[in-house]
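These notes concern the structure reproduced below.
In UniProt numbering, the protein residues as written are 1 to 618.
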């Protein structure tokens with residue numbers, strides 16, 4: 001008879017001890033995923049230590065101590081087929097059978113909600129139908145990634161229009177970790193980093209900085225200056241452009257400084273000047289024109305620093321007009337991120353091993369606070385009260401019924417209309433889809449730079465391009481691919497999937513020597529009638545990187561929603577950072593638990609488990 005392990009709540013850890021593993025006796029980190037379910041995340045012991053933030057610069061301390069799980073990740077079709085053969089008696093019995101909150105899916109938003117509820121003292125059961133953490137926010141080995149987005153068993157429309165080049169996958173293919181949320185970065189000073197710190201999740205993640213930011217202009221890759229020194233050293237800017245840019249940033253910095261000091265008048269001490277209120281309400285592009293900035297500098301500020309998604313020169317026809325106030329706020333975040341950490345170059349950082357590490361880190365925090373975790377355990381039915389028809393619990397694939405007062409679901413779940421949340425959390429998603437691309441290359445886009453952010457402003461690829469295309473190159477130094485290779489993520493918001501993929505393919509053609517693009521019939525785009533897209537100008541003797549493999553696909557953008565007891569998390573959005581996801585998650589939590597603070601200061605466990613076993617990442 002198969003032994004069904006009992007489930008206990010995790011006990012507090014002594015300082016320096018290993019966190020208790022429940023559901024298994026002697027957990028083998030290198031065991032195959034088909035073994036007994038694990039009830040705590042298979043986390044890597046990664047240190048990313050910060051002291052409490054102060055005004056002084058704080059260095060990163062990147063300490064490696066990984067024991068990476070070596071078991072293969074099952075793709076959804078294989079997983080479902082395997083689960084169909086598992087007798088219900090082989091599933092673990094969950095005890096207790098009643099919780100304050102059940103969370104199904106371990107995406108970033110769901111993991112944050114589980115952590116926040118655990119910190120607030122709620123009993124939490126956190127489930128995932130997959131054998132890995134992260135759901136739609138995970139980082140998957142290349143074969144698993146391609147299988148995941150192509151799976152016919154996936155919910156309709158979440159991922160569609162998948163096209164991949166016919167070349168065989170580069171080897172070793174499982175050494176390439178692909179973000180489902182790419183391209184994505186964190187600002188050094190954004191709230192996500194602060195949340196990592198105050199929750200204690202920063203103890204389980206480490207980061208690398210992005211080496212440079214580029215903008216595609218007139219067929220060339222131009223650097224984005226991020227300091228006074230960088231502006232004067234930039235050979236792509238003329239003297240007049242440098243002077244105009246310096247004058248603009250001096251005005252912005254003056255406004256930011258006076259705003260932080262609480263000054264409300266338009267002129268501050270020592271000659272400081274604030275931007276007038278009427279200018280703050282006008283479209284940012286009009287304010288930039290008012291400052292007499294030339295088109296190139298306007299594009300650089302709008303799309304590579306303020307991160308506007310849609311063409312701003314269209315006026316009333318622009319889908320999302322960025323106001324001066326919004327633009328200045330993003331510039332403030334950008335500039336405050338530069339220099340926050342001594343050994344972080346620029347404004348952006350990227351997590352080692354990919355963005356799938358972030359939800360795992362927050363799951364770890366929830367587990368330390370008492371949350372119970374079960375992988376490979378789908379919710380197959382929602383239980384309702386016969387009289388009121390209100391939610392009371394769920395039925396699991398094991399056949400066991402678990403009860404709770406609140407339920408949080410992954411966006412892929414299809415639930416009965418009577419229980420479907422009717423209130424949508426307002427977010428910045430104005431498009432229905434985001435077109436994405438993933439490329440593997442043999443060379444960096446820029447010499448001496450490993451990790452690069454690149455922006456194609458609207459109309460930079462062809463005249464009809466109405467949205468910015470972002471590209472993020474990441475290298476082996478963040479442990480997502482073997483040394484000598486690079487992964488490039490691309491994305492652009494879109495209403496029309498075919499048009500969005502055209503933009504992605506145009507960007508690929510501009511950047512790489514392509515053996516084959518995903519869509520064989522991609523037509524050459526034109527900037528003006530009869531004028532083809534220009535490839536980046538190369539210095540004599542240099543060549544563009546070779547495209548070894550690529551794919552393009554479309555992801556549906558689904559909003560978060562809630563209605564009393566049942567909440568649905570959002571899909572990854574089209575933004576570069578997680579600010580919108582974090583804001584949406586906070587609103588969901590406040591709806592679930594009014595009056596409770598969302599992961600307050602000093603909410604980290606007193607004794608963070610210190611299981612930094614000796615070892616190195618694969």
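Don't be surprised by glycine CBs; every beta carbon is placed ideally from N, CA and C.
- Residue 131 sits away from residue 173, with the two beta carbons spaced by 8 Å or more.
- Look at the segment 376 to 463 and you find these whole runs of beta strand (DSSP E), each 3 residues long or longer: 379 to 384, 391 to 396, 401 to 409, 433 to 441, 452 to 456.
- Counted as a single uninterrupted DSSP element, the beta strand (DSSP E) harbouring residue 351 occupies residues 348 to 351.
- Where residue 493 is concerned, the enclosing beta strand (DSSP E) starts and stops at 486 to 494.
- In the DSSP assignment, residue 474 falls within the unbroken beta strand (DSSP E) covering 469 to 475.
- CA-to-CA, the gap between residue 138 and residue 543 works out to about 33 Å.
- By the 16-neighbour rule on beta-carbons within 10 angstroms, residue 576 is buried.
- For residue 125, DSSP records a beta bridge to 102, 372.
- Annotated as distal: residue 211 and residue 483, with beta-carbon spacing of 8 Å or more.
- Across the set 369, 303, 204, the C-alpha of 303 shows the shortest separation from the C-alpha of residue 213.
- Per the coordinates, the alpha-carbon of residue 164 lies some 43 Å from the alpha-carbon of residue 384.
- In its chain, beyond the 5 residues on either side, 124, 366, 369, 370, 371 have a beta carbon closer than 7 Å to the beta carbon of residue 118.
- Distance from the Cα of residue 296 is smallest, within the candidate group 219, 393, 323, for 219.
- Of the candidates 94, 104, 311, 104 places its Cα closest to the Cα of residue 566.
- In the three-state scheme derived from DSSP, where H, G and I count as helix and E and B as strand, residue 208 is classed as strand.
- Shown here, residue 220 sits in a strand according to DSSP, grouped into three states.
- With contacts defined by Cβ atoms closer than 8 Å, residue 176 and residue 481 form a contacting pair.
- Sequence-distant Cβ neighbours of residue 300 in its own chain, meaning closer than 7 Å and more than five residues away, are 215, 224.
- In the three-state scheme derived from DSSP, where H, G and I count as helix and E and B as strand, residue 192 is classed as helix.
- Less than 8 Å divides the Cβ of residue 252 from the Cβ of residue 331.
- The DSSP-derived three-state label of residue 336 is helix.
- In the three-state DSSP reduction, residue 554 falls in the strand class (E or B).
- A direct Cα-Cα distance of roughly 47 Å separates residue 178 from residue 387.
- Straight across, the Cα-Cα distance linking residue 582 with residue 191 is about 8 Å.
- The bridge partners DSSP lists for residue 159 are 555.
- Sequence-distant Cβ neighbours of residue 313 in its own chain, meaning closer than 7 Å and more than five residues away, are 285.
- Among the bridge pairs identified by DSSP, residue 513 is matched with 546.
- Looking only at 512, 468, 99, 557, the smallest Cα-Cα distance to residue 392 is reached by 99.
- With distances taken between CA atoms, residue 545 lies nearest to 512 out of 280, 512, 290.
- Counting the other CB atoms within 10 Å of its CB gives residue 239 a total below 16, which places it among the exposed residues.
- If you compare the alpha carbons of 188, 171, 106 with that of residue 337, the shortest gap goes to 188.
- In terms of Cα proximity to residue 580, the closest of 186, 101, 120 is 186.
- Inter-segment contact for the segment 494 to 502 and the segment 193 to 206 is absent: fewer than three beta-carbon pairs are separated by less than 8 Å.
- The C-alpha of residue 478 lies about 19 Å from the C-alpha of residue 578.
- Your pair residue 441 and residue 548 checks out as a contact, with CB atoms roughly 6 Å apart and the cut at 8 Å.
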